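So the sequences go chain by chain: C, S, V, Y, L and D.
Mapping of the first sequence onto this note's numbering: residues 1 to 295, in sequence order.
Mapping of the second sequence onto this note's numbering: residues 1 to 295, in sequence order.
Mapping of the third sequence onto this note's numbering: residues 1 to 295, in sequence order.
Mapping of the fourth sequence onto this note's numbering: residues 1 to 295, in sequence order.
Mapping of the fifth sequence onto this note's numbering: residues 1 to 295, in sequence order.
Mapping of the sixth sequence onto this note's numbering: residues 1 to 295, in sequence order.
Just so you know, even glycine gets a beta-carbon here, dropped at the ideal spot from N, CA and C.
From a predicted model like this one, the values you see are computed outputs, not experimental measurements.
Written out below as structure tokens is the structure these notes cover.
Number of protein chains: 6
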Amino acid sequence: MISRFDKIAVDLPRPKNPSPNDAAAVQELLGGRFGEMSTLMNYTFQSFNFRGRNKLRPFYDLIANIAAEEYSHIETLSYAINLMLTGTTKRGKDPSATPLANATDARNTYHFIASGQTALPIDSMGKPWSGDNVFSSGNLKLDLLHNFFLECGARANKMRVYEMVSEPTARAAVGYLLVRGGVHIVAYAKALENLTGVDLKPMFPIPDLDNRKFPEAKKLEDEGLHRIMYTWSPNDYKELDKIWKGTHPMDGSELIVDAGQPEGFDPPDLDEEVQLNAPGVEPEMLAEIAKRLFG
Amino acid sequence: MISRFDKIAVDLPRPKNPSPNDAAAVQELLGGRFGEMSTLMNYTFQSFNFRGRNKLRPFYDLIANIAAEEYSHIETLSYAINLMLTGTTKRGKDPSATPLANATDARNTYHFIASGQTALPIDSMGKPWSGDNVFSSGNLKLDLLHNFFLECGARANKMRVYEMVSEPTARAAVGYLLVRGGVHIVAYAKALENLTGVDLKPMFPIPDLDNRKFPEAKKLEDEGLHRIMYTWSPNDYKELDKIWKGTHPMDGSELIVDAGQPEGFDPPDLDEEVQLNAPGVEPEMLAEIAKRLFG
Amino acid sequence: MISRFDKIAVDLPRPKNPSPNDAAAVQELLGGRFGEMSTLMNYTFQSFNFRGRNKLRPFYDLIANIAAEEYSHIETLSYAINLMLTGTTKRGKDPSATPLANATDARNTYHFIASGQTALPIDSMGKPWSGDNVFSSGNLKLDLLHNFFLECGARANKMRVYEMVSEPTARAAVGYLLVRGGVHIVAYAKALENLTGVDLKPMFPIPDLDNRKFPEAKKLEDEGLHRIMYTWSPNDYKELDKIWKGTHPMDGSELIVDAGQPEGFDPPDLDEEVQLNAPGVEPEMLAEIAKRLFG
Amino acid sequence: MISRFDKIAVDLPRPKNPSPNDAAAVQELLGGRFGEMSTLMNYTFQSFNFRGRNKLRPFYDLIANIAAEEYSHIETLSYAINLMLTGTTKRGKDPSATPLANATDARNTYHFIASGQTALPIDSMGKPWSGDNVFSSGNLKLDLLHNFFLECGARANKMRVYEMVSEPTARAAVGYLLVRGGVHIVAYAKALENLTGVDLKPMFPIPDLDNRKFPEAKKLEDEGLHRIMYTWSPNDYKELDKIWKGTHPMDGSELIVDAGQPEGFDPPDLDEEVQLNAPGVEPEMLAEIAKRLFG
Amino acid sequence: MISRFDKIAVDLPRPKNPSPNDAAAVQELLGGRFGEMSTLMNYTFQSFNFRGRNKLRPFYDLIANIAAEEYSHIETLSYAINLMLTGTTKRGKDPSATPLANATDARNTYHFIASGQTALPIDSMGKPWSGDNVFSSGNLKLDLLHNFFLECGARANKMRVYEMVSEPTARAAVGYLLVRGGVHIVAYAKALENLTGVDLKPMFPIPDLDNRKFPEAKKLEDEGLHRIMYTWSPNDYKELDKIWKGTHPMDGSELIVDAGQPEGFDPPDLDEEVQLNAPGVEPEMLAEIAKRLFG
Amino acid sequence: MISRFDKIAVDLPRPKNPSPNDAAAVQELLGGRFGEMSTLMNYTFQSFNFRGRNKLRPFYDLIANIAAEEYSHIETLSYAINLMLTGTTKRGKDPSATPLANATDARNTYHFIASGQTALPIDSMGKPWSGDNVFSSGNLKLDLLHNFFLECGARANKMRVYEMVSEPTARAAVGYLLVRGGVHIVAYAKALENLTGVDLKPMFPIPDLDNRKFPEAKKLEDEGLHRIMYTWSPNDYKELDKIWKGTHPMDGSELIVDAGQPEGFDPPDLDEEVQLNAPGVEPEMLAEIAKRLFG
């Protein structure tokens, strides 16, 4: 079971020149094969499906705990996309004014037809996220190897989307995810090392570009965010410190477990888009609604 | 952000005669178009995407809060499926003994090849869950109507899967979901009533069979579980009591908000399946692993 | 535009030993790549999309007219499937009696969960029909060649499904479709002959087994049904007689155009399946409904 | 069975500045999840699959009859798309002149490669229509609720596509569909009212913008087109007047049943696109073809 | 089994003004329904699946041999796409410089996120190639008819993509494929003629535009490349000369079998794209790698 | 380019009790996400897409060469499936005898409707192979890590399918693939070691069961087949010996490069299935066909 808080992981700056195609690109990191929907659902199902848990508790705790963190990643990306789509069409209530004219040339029309200029579980080409993206073989070594590869693939995608989009909203989100995804890469490498004795350090980083080349990521690493594993639970997943220990393979800093979770930031309140009827509640209706709700 | 607890919502009895095809049927409720993956992801994305939140806080709180509960539903169904698949093949380490012989005739071979006899985000025919199942138009009235329909469609599926599978593990899970899904149906009806003034009571129940005809559900309704809306958060989503109030459309009982969440039960520890190498950690490896972990 | 009649093309006998898996096999002919959904939608879109229509009217009339006939084919197959699924589970209103127990082992669980033991636009493996099955290149010669191939592929599938299912309901439907599909094969061969001068007769039949080897088809061919092209319209598509003329490539009989359409048969009234809540209208509700409808 | 007429429902003006991306947007209304392919196929299958028909004839008649109308909607949209794509590339027979150069940047390349600049059963992103879009549970109340939701979702999409495309061809088609889709929304609301007693009027309209804000729709409503239910059959579906009666929820006007169908308009004759070989019949071939056809 | 050579079939000129959208269009010919992945896999599976091979050896040899040639076609198109994508973004190692900025507006973002500006088994809209594209009924006449249609459909697509893209790299590849695909059309027509006696010559060409209208194809046909069937094997597939004989249906030239395969050209060495980390091997790493490889 | 030989890699014994469901299970290894279609196409595209080839020749040679071997693996599995489906229905030419009756209950109806009881590019649930299964990031380290993971995932699937099917035809094929796939796992581990210095030996084997536990694999390893890398080319891919050198991580034996390829075995001649019209050439037609072919 989970408990939910109305906080997001990153304090997202408002975009400067929001462009639908920038938002469409960021969708890859949310709903693509290597997007955060995939990391979230892979680790969630692997945690539910873990056989022999009591014998191998630290591994279970690690996977279950990272699954919990991934939820905040789909949340962060969704808000980034939402902000980047807000105000990208002409506001107004007259449909004849063709307020969505520029959406016709946008790469992703779903953002304007299926959603209210908001995020969807799709990739940068509009392909829906699929349950096929979940790998859960039940073999611990293979699942960990998969997770290590998945996170490296996700890292490559983050790097490339960063290079596509200069919008500060996107870069703040991606920079954060590079750091936290980096934590997960190290975690799965440590897990494989504990399980088999292999030393994966010589492979770091994959691809061969340091997070510190990304200013938003560097800032967070300077604050040590790449060294911290939160437990994302008040009481559970406490044996992950058996795996998350020792030094970081990139800078040799000491790895730290932080019980609970980061404080987070208030999520942005998204402006209405009246031309999309989103949310579509007219001012004149509000009094009556308020009476029913609060009266 | 979320916090995760190592508790599940239902105390699942161990199955009596576990059958792969029973487990395959239950997958519809997890990964089908009307399964809990769909309810979870619909409400999750609608909560991220909510425009004009501050103006319409009780509606946002309701959707965000139900999204949080749905997580426990995919968890419950996954554990039910896992238990129903445990031990359904011949245990042993000699591959030549054809330990998975009976899987050849099972309806869902993915359970034995892609997973370690565990749950996957697929439906009863093995089709993967798809992001296409998420509806998030941004128009509040339309999204609530969708959610009301989605929950009714989900209810019909639950009723039919219940009728397919007599296994007590499945019936305990489905009975619980009938009750809690029923809470969500009422919640979205109340939300529509508050938003528009419509009275949907005459339509209850959809389909036309009372939850109380299902013994496992009746027991829980006798305990009042159909009247309670948890907030699934220590501090947030507190304005849902503006919507979740008054009486239940089926029995006229009073609706109650319960801050936080139910206590829950320890998740089952799933037995190993050595013929599947799940988890595939041999006893002779354990000492060395323990040394690395704890040494 | 169309006009619809409450008649079906074939007088379908009730099944003798209805089996869910037989019905699942027949789905291939309805919703498979070479099923009647495909022929219907291919010719429908080709007729809408026809460029240079006035110059090539007989070809347009032929395609538009066959499209109209295909509607009766999806209707026929749907009713055949519906009859074959009726009564295949245990009737009754107590869900605890596991009335759908045998559906668990059925190849197609969608028939019992997504539908009320009725037809769906899916194939024999449950894969949904896809718009990808529509070919509409705009090049008349290529579209006609496609249609000729499509009908031959459809014929092969009909022959094989006939060989899988001995149920008289299915055989009556498939026998009819073999004859009428045979008309379409000849029609597209004649169209190609008129367009290019090619003589496709030496290729007949594809595959190499005469319709007359199928008793239900032979009976209809003895009545001459393989020689008749209906116009499926009171006033339009009258120039198809410029193409549908001369002799039949298989038996040399004369080809005939019949203005309008066959008389048809009353569709079967499908029994209720109370355990599926299909239609789910309880006797005690009927009086009130009647009052609203007729009062 | 159906009868087909060479008439379309709307007199479509020729486009002024045809743009491939405008046509690509309109595809959402034809082949999208909430497009007319979906309404057509949902009601068609629900009519074939109706259990207990004789007991509930007015409901069956209503669904079967609306299914018949939907055919004219896929026809109308297809012609609108076809007109909007006609002449959008450079005409000519020399392939080296790169006549399709501007198609390279078009959002939907299928219009130029797979089709002859014509309509396809795909959505605005090129995703093919899927049989998954058909809901046919067999439970009448649930199916009607689905249909009510489906039509409201379709209405939202129509409104948004209208706002994207100022082209008069598209607006004429969409304005017409807003009115006729509005008839269907009322029809399913009335059906639910007759079945259960629920009064859905307070929810109208969904989303909250009157059809009369769309000039092309307003003109048709001024003529009363939103009050008429055609039977789309000379002799059948006559009991729908038991449901389609009383007043319109938006303007209180009286609802009228009109036996048969509207007269309609001649479909446009689409120009050839020689660079696409559509239809690809060279003038020098015509004499020979004519001799075979008419000689 | 196969043997592989480091040669490609066409000497591809470097592109002049490489454009991502041109490359995206060419993908249709590689991974589309009628692309070379489809011809390769159709004939490959038909050759594996051939029943009664010894009785019908020339047909088997023909299909198996054409399958072998198709491999060189996916290779040619992949290299053409790769060349057309090389250098289309800003080279450099600083991610903050937004080196992939122009990819945001490209039609196919997968080329920049999933691949290193290289080819993928997808079509012009990014849809992945699917095994559904393989037709292998086992009925020889039907499979040959399919192949004849498939090649004609492929020819139409090639003609249209040629008309979209003026880039010499693409035109060299497509011109070559028009000629060799033309060989396959003739081959399947001859096979059908040998099997059934049908004469398909009157249908040539489909669509109705001679290869000789395409300068790059004309040049190759002037050299006689349209008359040659290679065996693509040193020792096998030698009975195809029983089918590939007589004259070419377009120009009456004599058909020739050439044992073995064409000499081919060295494949281009693709430049690195450092901003994509492709291949991502830094100069400073090379010495160490060389030591491990060659030391 | 390739050259093709009429030889297969394994001398496949005829099955003893061929069962359609056994064949359906083996399809996972051919067309599943981790099947040989995936390994073939991943390495094929990676070889076409390799950037900086001349600088990193041994890595290119290794990938290109393994791609060539994979072709023989799809061939082997296709023949195994074909043999296992041969004779599984009732032979005969009278369709009324319901010769395919037992196919109705088979898990994979495509084998009997879409194919002539032969292999298709689909998985064990009938899902078509998809181009989405190809990973080709262009980053060499990441692509090699992917390949290492892919082969380990493929190994797990092979082990499980082996445990499902006792049929000697299947076991001979799977045993062979376990050995050769094992070669590829070692190869990608060695490539990663050469590229980065990492030592992956401690992870072997994944999953944790030695190939030698599989009798058919043990026999081949006793012959040394796990130590040999063929070049699959007379002249190219010769620098792979820079990577394929040293000792085998499982048994310490010396790794050997063998120029060219194994000799192989004659492919089985598959019996006709007359009830499926496969190949559908009647004896009485043969004389005429022979006259056309050889006359």
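Report task. Give me whichever residues DSSP pairs with L270/V in a beta bridge. Result -> The sequence position of residue 270/V within the third sequence is 270, counting from 1. Bridge partners of L270/V: R51/Y.
Query raised in the report: Roughly how many angstroms lie between the CA atoms of P13/L and E216/L, to the nearest whole one?
Result: Stepping through the fifth sequence from its first residue, residue 13/L is reached at position 13. Stepping through the fifth sequence from its first residue, residue 216/L is reached at position 216. For P13/L and E216/L, the distance between alpha carbons rounds to 12 Å.
Requested in this report: Quick one: grab the DSSP three-state call for M125/D.
Outcome: In the sixth sequence, the residue the question calls residue 125/D occupies position 125. In this structure, M125/D counts as coil in the three-state DSSP scheme.
Query raised in the report: Thinking C-beta only, is R33/V closer than 9 Å to N133/V?
Result: Sequence index remark: in the third sequence, residue 133/V carries index 133 (1-based). Sequence index remark: in the third sequence, residue 33/V carries index 33 (1-based). Against a cut-off of 9 Å, the Cβ pair of R33/V and N133/V comes out as a contact.
Query raised in the report: How is D105/Y classed by DSSP in three states: helix, strand or coil?
Result: In the fourth sequence, residue 105/Y corresponds to position 105, counting from 1. Reduced to three states, the DSSP call for D105/Y is helix.
Report task. List the endpoints of the continuous alpha helix (DSSP H) containing D61/S. Result -> Walking along the second sequence from the start, residue 61/S turns up at place 61. Start and end: 57–85.
Query raised in the report: Ordered along the chain, which non-local residues of its own chain (more than five positions away) have a Cβ less than 6 Å from that of A106/Y?
Result: Looking up residue 106/Y in the fourth sequence gives position 106. Once the five neighbours on either side are set aside, the close Cβ partners of A106/Y are P20.
**Report entry** Exposed unless 16 or more other CB atoms sit within 10 angstroms - verdict on E254/Y
**Finding:** Within the fourth sequence, numbered from 1, the residue matching residue 254/Y stands at position 254. Flag for E254/Y reads exposed.
Query raised in the report: Between the C-alpha atoms of I113/S and T98/L, what's the straight-line distance to the nearest angstrom?
Result: Locating residue 113/S in the second sequence gives position 113, counting from the first residue. Locating residue 98/L in the fifth sequence gives position 98, counting from the first residue. Rounded to whole angstroms, I113/S to T98/L spans 43 Å at the Cα level.
Query raised in the report: Hey, how far is the Cα of I81/S from the Cα of A24/S?
Result: In the second sequence, residue 81/S corresponds to position 81, counting from 1. In the second sequence, residue 24/S corresponds to position 24, counting from 1. Each residue's alpha carbon lies about 8 Å from the other.
Query raised in the report: What residues in the segment 263–275 of chain Y have a beta carbon less than 7 Å from any beta carbon of chain V?
Result: G264, D269, L270, D271, E272, E273
**Report entry** Opposing strand residues paired with A278/C [DSSP bridges]
**Finding:** Here residue 278/C refers to the residue found at position 278 of the first sequence. The partner list for A278/C (beta bridge, DSSP) reads E273/C.
**Report entry** Unbroken alpha helix (DSSP H) run spanning V183/C, endpoints
**Finding:** Counted from its first residue, the first sequence places residue 183/C at position 183. 168–196 is the span of the alpha helix (DSSP H), which, as asked, contains V183/C.
Query - Burial state of K242/L (16 or more Cβ within 10 Å) - result: Against the fifth sequence, residue 242/L aligns to sequence position 242. When all chains shown are included, K242/L counts as buried.
Report task. Examine the ligand ADP and report whether any of its heavy atoms sits within less than 8 Å of the Cβ of T86/S. Result -> Absent from the structure shown: the ligand ADP. Ligands present: none.
Query raised in the report: Looking only at C-alpha atoms, which of E69/V, N54/V, L195/V, G116/V sits nearest to E284/Y?
Result: The residue labelled residue 284/Y in the question sits at position 284 within the fourth sequence. With distances taken between Cα atoms, E284/Y lies closest to L195/V.
Query raised in the report: Using a Cβ-Cβ distance under 9 Å, would D208/L count as near chain Y?
Result: For the purposes of this step, residue 208/L is taken as the residue at position 208 of the fifth sequence. Yes, D208/L lies at the interface with chain Y (some Cβ there is under 9 Å from its Cβ).
Query raised in the report: Between A25/C and chain S, is there a C-beta pair that is closer than 9 Å?
Result: Reading the first sequence from its first residue, position 25 is the one you call residue 25/C. No, its Cβ sits nowhere closer than 9 Å to a Cβ of chain S.
Report task. Check each candidate in Y60/S, L293/S, L29/S and name the one with the smallest Cα separation from P192/C. Result -> Counting from one through the first sequence, the residue named residue 192/C turns up at place 192. Here residue 192/C turns out to be Leu, not Pro, going by the sequence shown. Of Y60/S, L293/S, L29/S, the residue nearest in Cα terms is L293/S.
Requested in this report: Mind checking who F265/D pairs with in its DSSP beta bridge?
Outcome: Along the sixth sequence, one-based indexing puts residue 265/D at 265. Looking at the DSSP assignment, F265/D forms a beta bridge with I8/D.
Requested in this report: Run down chain L in chain order and give the residues with a C-beta less than 9 Å from the C-beta of Y176/D.
Outcome: By one-based count along the sixth sequence, residue 176/D stands at place 176. Those do not exist, as Y176/D stays about 13 Å from chain L at its closest Cβ, beyond 9 Å.
Query raised in the report: Can the beta-carbon of L30/Y be found closer than 9 Å to that of P121/Y?
Result: Taking the first residue of the fourth sequence as position 1, residue 30/Y is located at position 30. Taking the first residue of the fourth sequence as position 1, residue 121/Y is located at position 121. Closer than 9 Å, so yes.
Query raised in the report: So, are the CB atoms of V281/C and G52/S less than 9 Å apart?
Result: Here the question's residue 281/C lines up with position 281 in the first sequence. Here the question's residue 52/S lines up with position 52 in the second sequence. Their beta carbons are under 9 Å apart, which means V281/C touches G52/S by this criterion.
Query raised in the report: With C-beta atoms as the reference, is R4/S less than 9 Å away from A9/C?
Result: Indexing the second sequence from 1 puts residue 4/S at position 4. Indexing the first sequence from 1 puts residue 9/C at position 9. No, these two residues do not count as a Cβ contact at 9 Å.
Requested in this report: Reducing DSSP to helix, strand and coil, say where E28/L ends up.
Outcome: As a first step, residue 28/L must be located in the fifth sequence, where it is residue number 28. The answer is helix: DSSP assigns E28/L an H, G or I state.
Report task. Could you tell me whether the Cβ atoms of N42/Y and H146/Y are closer together than 9 Å? Result -> Here residue 42/Y is taken as the residue at index 42 of the fourth sequence, counted from 1. Here residue 146/Y is taken as the residue at index 146 of the fourth sequence, counted from 1. In this structure, H146/Y lies closer than 9 Å to N42/Y by Cβ.
Report task. Tell me whether T231/C sits in a helix, a strand or coil according to DSSP, three-state version. Result -> Within the first sequence, the letter at position 231 stands for residue 231/C. In the structure shown, T231/C sits in coil (DSSP, three-state: anything other than H, G, I, E or B).
Query raised in the report: Got a sec? Which residues, its chain only, sit under 6 Å from E69/V by beta carbon, not counting five neighbours each side?
Result: Working through the third sequence from its first residue, we reach residue 69/V at position 69. Excluding residues within five positions, the ones whose Cβ falls inside 6 Å are W232.
Report task. Just tell me which of A278/Y, D11/Y, P279/Y, G35/Y has its CA closest to the CA of C152/Y. Result -> In the fourth sequence, the residue the question calls residue 152/Y occupies position 152. Of the candidates A278/Y, D11/Y, P279/Y, G35/Y, the one whose C-alpha sits nearest the C-alpha of C152/Y is G35/Y.
Report task. Assign D258/V to buried or exposed, taking buried as 16 or more other Cβ atoms, counted over all protein chains shown, within 10 Å of its Cβ. Result -> As a working note, residue 258/V is residue 258 in the third sequence. Label assigned to D258/V: exposed.
Report task. State the Cα-Cα distance for the pair L177/L and F265/L, rounded to the nearest angstrom. Result -> Translated into the one-based positions of the fifth sequence, residue 177/L becomes position 177. Translated into the one-based positions of the fifth sequence, residue 265/L becomes position 265. Each residue's Cα considered, the two are about 16 Å apart.
Query raised in the report: Cα-Cα, which of P58/D, P262/D, M229/D, P207/D is closest to P95/S?
Result: On the second sequence, position 95 is the one that residue 95/S refers to. Measuring from the Cα of P95/S, the nearest candidate turns out to be P207/D.
**Report entry** V186/S versus F50/V: straight-line alpha-carbon distance, rounded
**Finding:** Stepping through the second sequence from its first residue, residue 186/S is reached at position 186. Stepping through the third sequence from its first residue, residue 50/V is reached at position 50. Each residue's Cα considered, the two are about 51 Å apart.
Query - Three-state secondary structure (DSSP) of S130/S - result: As a first step, residue 130/S must be located in the second sequence, where it is residue number 130. Strand at S130/S.
Query raised in the report: Start and end of the beta strand (DSSP E) containing D241/Y?
Result: In the fourth sequence, residue 241/Y corresponds to position 241, counting from 1. Note, D241/Y: premise wrong, no beta strand (DSSP E); not H, not E.
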